[in-house]
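Q:
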Amino acid sequence: MTNEEKPIDEMAQGSPSDGIENASPTDANETATEVSTSRVNPGQAPAEAGQDASDGSDPQVAEAIPVENAETFSETASDAASQKMTALTQEISALREQLEDRTTQFMRIAADFDNFRKRTQKEREEMEVQIKCNTVIELLPVVDNFERARSQIKPQGEESIAIHKSYQGVYKDLVDRLKRIGVAQMRCEGQDFDPNYHEAVLRQPSADHAEGTVIEELVRGYTLGERVLRHAMVKVAAPPEEGSSASAESGDSEVSEE
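Going by the working numbering, 156 is the number at position 156 of the sequence shown; the sequence numbering is gapless.
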């Protein structure tokens, strides 16, 4: 009987050495690796146990750590909020002071501008009045010439009368225009002498008028509003002389005796 024809039982009863001899080198290496691994793993159990203990397997340690962290976080948040509130309060105070300063400056500028506006308006009005006064003063000699011509010239003939009426019409128109802008003529005769409006050119003793009374207006005066454009040149009454009064009394006595 050949080897191929051996019963299965005899093949199964072969020695272990036959299996090792027949194993390949790769199978031998894998078997050695498994043996070394099985020798090392049993020694790692204590380390793993210690690691589990350090990871917080103790319930007391696990509970103590979160409470301390919460208290620290609360204190930190409270300090941060307090600092922020203090900073905001200081900023509000600074802004309030700045607002008060700006308000004071604005009120001062507004008051200065209002005073400037009033002063400018007053100066402008005064300038307008002054320009008007200067213009009218230049025209017053023309008015005087018209008045002298009217009082002195006695026209004769139709042609002269027509010319006289013509320039008198010009005079009247000029006077009307002066009145329209506020120019007024002074009326001085019979009034008390006032140096603010009158200029005494002559003093004439008079028994018929009280001392200081304007007897005659020699050159007419003019005003523009409250301003005097030209003082009126007048003749003022003075006390009568003693000689003239005595002669007047003697004359009266002679008339009575006759």
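Beta carbons: idealized from backbone N, C-alpha and C, even for Gly.
Give me the residue from S82, A200, I131 with the minimum Cα distance to G212.
A: Position 212 of the sequence shown, counted from the start, is the residue given in the question as residue 212. Closest option to G212, Cα to Cα, is A200.
Q: Could you give the distance in angstroms between the alpha-carbon of R187 and the alpha-carbon of M233?
A: Position 187 of the sequence shown, counted from the start, is the residue given in the question as residue 187. Position 233 of the sequence shown, counted from the start, is the residue given in the question as residue 233. Cα to Cα, R187 sits roughly 11 angstroms from M233.
Q: Within the same chain, show all residues whose beta-carbon is closer than 8 angstroms to that of V136, passing over the 5 residues directly before and after it, in chain order.
A: Residue mapping note: residue 136 aligns to position 136 of the sequence shown, counting from 1. Excluding residues within five positions, the ones whose Cβ falls inside 8 angstroms are L178, I181, V183, Y222, L224, L229.
Q: Can you list, in chain order, the residues of its chain whose CB lies under 6 angstroms from that of P240, leaving out five sequence neighbours each side?
A: To locate residue 240, count along the sequence shown from 1; it is residue 240. Cβ neighbours of P240 beyond the five flanking positions: P205, A207.
Q: Where does K84 land, buried or exposed, given buried means 16+ other C-beta within 10 angstroms?
A: In the sequence shown, residue 84 corresponds to position 84, counting from 1. Answer is exposed; the Cβ neighbour count stays below 16.
Q: Quick check on R39: does DSSP put it in helix, strand or coil?
A: For this step, residue 39 is matched to residue 39 along the sequence shown. Here the model assigns R39 a pLDDT of 45, short of 50, so the residue's position is not dependable, and the following value carries that caveat. Three-state DSSP puts R39 in a helix.
Q: Please decide whether E189 counts as near chain D, where near means a Cβ-Cβ distance under 7 angstroms.
A: Absence of chain D from the displayed structure is noted, only one protein chain being present.
Q: What three-state label does DSSP hand I137 in the structure shown?
A: Position 137 of the sequence shown holds residue 137. Looking at I137 - three-state DSSP - the assignment turns out to be helix.
Q: I'd like the span of the beta strand (DSSP E) that includes R203, first residue to last.
A: Position 203 of the sequence shown, counted from the start, is the residue given in the question as residue 203. Element bounds for R203: 198-205.
Q: According to DSSP, A81 sits in a beta bridge with which residue or residues?
A: As a first step, residue 81 is located in the sequence shown; it is residue number 81 there, counting from the start. DSSP lists no partner for A81.
Q: What distance in whole Å lies between the Cβ atoms of V170 and V143, which are believed to be in contact at a cut-off of 8 angstroms?
A: Residue 143 sits at position 143 when you count from the first residue of the sequence shown. Residue 170 sits at position 170 when you count from the first residue of the sequence shown. 11 angstroms between Cβ atoms; not a contact.
Q: Applying the criterion that 16 or more other CB atoms from any shown protein chain within 10 Å of the CB defines a buried residue, is K235 buried or exposed?
A: Locating residue 235 in the sequence shown gives position 235, counting from the first residue. With 16 or more other Cβ atoms within 10 Å, it is buried.
Q: Could you tell me the distance, in whole angstroms, from the CA atom of P195 to the CA atom of V214?
A: Numbered from its first residue, the sequence shown carries residue 195 at position 195. Numbered from its first residue, the sequence shown carries residue 214 at position 214. About 11 angstroms.
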